[in-house]
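Numbering (our numbering), first residue to last: 189 to 564. Idealized CB from N, CA, C, for every residue including glycine.
And the structure:
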């Protein structure tokens, strides 16, 4: 039985699409920290697996082909021929299935806290039985204990409770049927067929899918792969170490089209008119340099999620004053205004620069900024 997956879409409509598939017992809300970071550069589609959240609950058992087929149908409905994909735990198993059985649909792949084989099968069948007999609430505490390290649980009780409630709120039949899909899951002998450039992220403290035998094994068997192991991270590492995961995913997916992503951010920060003028002046001699700054400065640095654009503008203005790059100051004053800084805040940046970069340099910057404000 086919299922139309419940999903959310964020980010620029024309940006490269990224699909996010979550863990057993979660909804698309588990990706909240990633959506905020990734949707500045990508079109982010979060979905609920069948039997979860807002998706329908056909009777089980399911298998991974059912769950993977649901994702392909979602892509078809959204008019997406090829996409990046990131999946955690069950979502990562679906990602492996897609990369093996529908390689033409998957661009870059990210596998988080997941496994190519989750035996023993009987343990998953027992969990399915418990879900059907007593409901997912009977499983929630045990499961969430494996999602986070003890210090995180103690310091973030409200977040842990909210995520625990996602487990308890999952339909018992949907949860059980997905357990049955996991019970038959074994793709180890097919991992070498994955063609996608693959990022594998494991948690050093993950008791559910320990790095050794899971992430390390996938990194060994998937041809174009690299492994990142995060300290102080258990199973739901996308939440516990969100900043690190966001940076890794952004870098990984942006590498597929850094020029395209860079041009999109460059236009957003500098404005279409400025970029159009720069492109019109581009010659065969200057084209490699224009490509460099678009790919590297805008596509790899300005797209990173660690700092907001307001902060980056403050840093750029300070650096320009310190180095005396006066030709660049008006352009980046306009960019700072576009990034949400007020003239008064730009003035504060230059006042701070006067102390550390010199009063004459700050005086020059104030004069150039005033000319921009007068023009605006």
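The shortest C-alpha to C-alpha distance from residue 413 to any of 332, 333, 495 and 284 is the one to 284.
For the 7 Å CB-CB criterion, residue 504 and residue 553 do not form a contact. Here the C-alpha atom of residue 427 lies approximately 24 Å from the C-alpha atom of residue 364. C-alpha of residue 380 to C-alpha of residue 299: approximately 15 Å in a straight line. Just so you know, the alpha carbons of residue 223 and residue 514 end up roughly 37 Å apart. Per the Cβ contact rule, the region 450–469 is not in contact with the region 322–338 (fewer than 3 Cβ pairs under 8 Å).
Checking the DSSP bridge columns, you'll see residue 444 has no partner listed. A distance of 7 Å or more separates the beta carbons of residue 255 and residue 212. For residue 491, no alpha helix (DSSP H) run applies, since DSSP gives it neither H nor E. Out of 369, 415, 384 and 227, the CA that lies nearest to the CA of residue 391 is found in 415. A straight line joining the alpha-carbon of residue 544 with that of residue 537 spans about 11 Å. Residue range 271–276 is occupied by the beta strand (DSSP E) that includes residue 275, with no alpha helix (DSSP H) assigned at that position. In the DSSP assignment, residue 537 is bridged to no other residue. One thing to note: residue 367 has its Cβ no nearer than 7 Å to the Cβ of residue 320.
In the three-state reduction of the DSSP assignment, residue 258 falls in the helix class, which pools H, G and I.
Between residue 225 and residue 196, the gap from beta carbon to beta carbon reaches 7 Å or more. Straight across, the Cα-Cα distance linking residue 295 with residue 270 is about 6 Å.
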